[in-house]
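Each residue of the sequence shown is one higher than the one before, starting from 1 at the first, in full-length UniProt numbering.
Written out below as structure tokens is the structure these notes cover.
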Amino acid sequence: MEENLKILVVENNQVDGLIVSLAQTRTNINIEIDEIKDVNNALFAIINNYYDCVFLDYHLLNEDGLTLIDKVRASGIKIPLIILIDSENEEIAREWIKLGASEYFIKSILSPETIAQILRSTIRIYNMEMQLTLANQQLKESREQIILRDKKIIAHQEQIKQQNFKLLAASSLKSQFLASISHELRTPMNAIIGFSQILLRPNFGQLTNKQLEMVEKILNNGKNLLIKINEILDFSQLESGKLELKPEILDLSKVLSNAVTKISSSAKAKNLSLLVNSLLENPLVFNDPARLEQILLNLLSNAVKFTEFGTICVEIRETFKNQVIITVKDTGIGIAAQDLQKIFVAFHQSDQGISRKYSGTGLGLAIIDSLVWMMGGKIYIESQLGVGSMFQIELPRKINLETDLGNVVLSPYQHHINYLKS
1 MEENLKILVV
11 ENNQVDGLIV
21 SLAQTRTNIN
31 IEIDEIKDVN
41 NALFAIINNY
51 YDCVFLDYHL
61 LNEDGLTLID
71 KVRASGIKIP
81 LIILIDSENE
91 EIAREWIKLG
101 ASEYFIKSIL
111 SPETIAQILR
121 STIRIYNMEM
131 QLTLANQQLK
141 ESREQIILRD
151 KKIIAHQEQI
161 KQQNFKLLAA
171 SSLKSQFLAS
181 ISHELRTPMN
191 AIIGFSQILL
201 RPNFGQLTNK
211 QLEMVEKILN
221 NGKNLLIKIN
231 EILDFSQLES
241 GKLELKPEIL
251 DLSKVLSNAV
261 TKISSSAKAK
271 NLSLLVNSLL
281 ENPLVFNDPA
291 RLEQILLNLL
301 SNAVKFTEFG
311 TICVEIRETF
321 KNQVIITVKD
331 TGIGIAAQDL
341 QKIFVAFHQS
351 DQGISRKYSG
361 TGLGLAIIDS
371 LVWMMGGKIY
381 IESQLGVGSM
391 FQIELPRKIN
401 LETDLGNVVL
411 SPYQHHINYL
421 KS
């Protein structure tokens with residue numbers, strides 16, 4: 001296969017051009033030669049034409065010749081510049097290499113075959129240098145793009161950081177507001193409940209049936225409202241990360257018995273069967289008794305609230321993994337599959353019809369979920385619409401207060417639900 005090269009020879013005689021021409025006749029290189037005798041026209045030709053290589057006669061390398069090399073390099077044109085010299089000029093030629101020439105060769109030892117070899121080698125090396133230059137340029141551009149991208153990422157992260165700071169500040173203000181309102185409401189509510197209880201004492205006088213009914217309604221509604229106020233207060237403390245567990249060694253069976261006693265009247269009022277089964281060989285656990293009872297009461301209250309007839313079962317048992325399992329099962333309205341992922345979200349109830357029929361803050365399950373998580377446990381759910389629900393809580397027998405829980409800040413959208421069955 002023939003090679004096609006376009007060569008420029010800059011000389012003040014025809015000897016150099018002839019040497020290059022002979023390379024064409026004795027090799028398979030097809031060489032197109034342009035010969036120019038002065039550097040000004042040579043510069044014009046180089047700028048306006050494509051050449052694979054330029055041969056410069058050493059005798060032209062006076063001030064004009066060096067200007068040509070400088071201008072070619074300054075123009076950004078990438079082309080091999082080869083100097084043809086006499087043997088006595090070799091030391092000086094090396095200096096021209098430092099000033100921008102590509103290579104030099106001694107005329108007296110040149111042959112057509114040598115010229116062909118020089119052309120191939122010089123152009124190949126120069127092409128490799130150009131590829132390296134291109135690769136370096138691409139690498140530089142890539143680095144610049146990476147630096148630019150990193151700057152954009154850093155700026156975006158800073159925006160996110162500032163936005164998170166604003167959201168945390170807003171959340172903190174909301175939590176402070178909820179806590180403040182809850183405290184303000186609890187004081188008069190405790191007074192209402194207290195005075196209602198006093199009015200029901202026989203030593204304060206006999207009430208008529210109508211008065212007794214009214215005071216009992218005040219008392220019951222006051223207690224229900226106090227439960228809601230306490231839920232809001234707990235939620236605000238969980239959301240701000242200020243709620244702390246206060247564990248101690250306790251009898252889990254007794255905690256369960258207390259919760260069942262408090263809920264039994266509500267179950268009896270709806271003619272619901274309340275079955276309790278404790279399978280603990282060792283009932284002692286290390287946990288927060290008040291929060292454990294709160295979890296049980298919330299689960300049992302929900303079971304009673306959403307069950308119109310049938311049975312509510314509560315069971316506690318232990319596992320070989322040194323864990324305890326609390327299970328609450330009801331025959332209530334159940335939960336649709338598409339709503340299972342939402343029930344632990346704060347302020348959520350599965351639909352507006354249920355929200356209107358069964359009043360509540362929508363915080364109970366969200367609080368349970370966060371408390372169980374803080375205790376190092378897991379909560380599981382299995383439910384079928386129209387059949388009933390089963391909640392199962394798995395807790396360590398001894399909670400670890402040294403465990404790094406990270407951000408124990410409750411988000412309205414944060415939940416740690418697991419499914420026993422879809």
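Think of the CB as a built atom: it goes at the ideal place given N, C-alpha and C, for glycine as much as any other residue.
It should be emphasised that the depicted structure is a prediction, and the values quoted were computed from it without experimental measurement.
(message) Along the chain, where does the beta strand (DSSP E) containing M390 start, and where does it finish?
(response) G388 to P396
(message) Tell me whether the stretch 233-244 and the stretch 258-274 touch, counting them as touching only if at least three CB pairs, one residue from each stretch, are closer than 8 Å.
(response) no
(request) Just confirm the distance between the C-beta atoms of I316 and S278, as a whole number of angstroms; I'd bet it's less than 8 Å. (result) 5 Å
(request) List the endpoints of the continuous beta strand (DSSP E) containing Q384. (result) K378 to Q384
(message) Just to confirm my understanding: we take residue 426, look at its own chain, exclude 5 residues before and 5 after, and list those with CB closer than 6 Å. What are they?
(response) Residue 426 lies beyond the range of the chain shown here (1 to 422); nothing can be said about it.
(message) I need the boundaries of the alpha helix (DSSP H) containing L292, first residue and last residue.
(response) P289 to K305
(request) Measure the beta-carbon distance from I82 to L99 and round it to whole angstroms, keeping in mind my assumption that it falls under 8 Å. (result) Between L99 and I82 the Cβ distance is about 14 Å, and since that is not below 8 Å, they are no contact.
(message) Under DSSP, the alpha helix (DSSP H) around V215 begins and ends at which residues?
(response) N209 to S240
(message) Along the chain, where does the alpha helix (DSSP H) containing N277 start, and where does it finish?
(response) Premise fails: N277 lies in the beta strand (DSSP E), S273 to L279, not in any alpha helix (DSSP H).
(request) Please check the pair I33 and A42, which I expect to be a contact at CB under 8 Å, by giving their CB distance rounded to whole angstroms. (result) Actually they are not in contact, since the Cβ atoms of I33 and A42 sit about 13 Å apart, beyond 8 Å.
(request) Indicate, with yes or no, if the ligand MG has a heavy atom lying under 6 Å from the CB of K321. (result) The ligand MG is absent from the structure shown, which contains no ligand whatsoever.
(request) Check whether the Cβ atoms of Q384 and G334 lie closer than 7 Å to each other. (result) yes
(request) Would you tell me roughly how many angstroms separate the C-alpha atoms of L139 and Q131, rounded to the nearest one? (result) 12 Å
(message) Is the beta carbon of I31 closer than 7 Å to that of I46?
(response) no
(message) Would you call the stretch 239-258 in contact with the stretch 190-203, where contact means no fewer than 3 C-beta pairs closer than 8 Å?
(response) no
(request) Using 10 angstroms around the beta-carbon of E11, count the other beta-carbons present and answer buried if the total reaches 16, otherwise exposed. (result) buried
(message) Using 8 Å for Cβ pairs, my map puts I295 next to V215. What's the rounded Cβ distance?
(response) Not a contact, Cβ separation roughly 32 Å.
(message) Just to confirm the assignment, what range does the alpha helix (DSSP H) spanning V328 have?
(response) Unbroken run through V328 is the beta strand (DSSP E), Q323 to D330; no alpha helix (DSSP H).
(request) Excluding the 5 residues preceding and the 5 following S273 in the sequence, name in chain order all residues of the same chain whose CB lies nearer than 6 Å to its CB. (result) T311
(message) I need the straight-line Cα distance from Y104 to A135, nearest angstrom please.
(response) 27 Å
(request) Report the rounded CA-to-CA distance for V408 versus V304, giving the unit in angstroms. (result) Low per-residue confidence applies at V408: pLDDT is 43, beneath 50, and the placement is therefore not dependable, though the value from the model is reported in the following sentence. Each residue's alpha carbon lies about 30 Å from the other.
(message) What does DSSP give as the partner residue(s) for Y104 in the beta ladder?
(response) I83
(message) So for G260, helix, strand or coil by DSSP?
(response) For the record, residue 260 in the displayed sequence is Val; it is not Gly. In this structure, V260 counts as helix in the three-state DSSP scheme.
(request) Quick one: give me the first and last residue of the alpha helix (DSSP H) that E11 is part of. (result) Careful: E11 lies outside any alpha helix (DSSP H) and carries neither H nor E.
(request) Could you tell me which residues DSSP pairs with I335 in its beta bridges? (result) I335 is not bridged to any residue.
(message) For I125 and I147, I'd like the C-alpha separation in whole angstroms.
(response) 32 Å
(request) Output yes or no for whether 7 Å exceeds the beta carbon distance between N302 and I368. (result) no
(message) Taking the alpha carbon of T327 as the reference point, which residue from L256, M375, P289 and F286 has its own alpha carbon closest?
(response) L256
(request) Label R291 either buried or exposed according to how many other C-beta atoms from any shown protein chain fall within 10 Å of its C-beta, with 16 as the threshold for buried. (result) buried
(message) Just verifying my parser: in three-state terms, what is the DSSP assignment at L401?
(response) coil
(message) Going by C-alpha to C-alpha distance, which of L68, G362 and I153 sits closest to residue 423?
(response) Beyond the ends of the chain as shown, which are 1 and 422, falls residue 423; an answer cannot be given.
(message) Restricting to Cα atoms, I'd like to know which of Y380, L252 and I92 is closest to N287.
(response) L252
(request) Leaving out five residues on either side along the sequence, give the residues of the same chain with a beta carbon under 6 Å from the beta carbon of K398. (result) F286
(request) With DSSP collapsed to three states, give me the class of K342. (result) coil
(request) Helix, strand or coil for E90, going by three-state DSSP, please let me know. (result) helix
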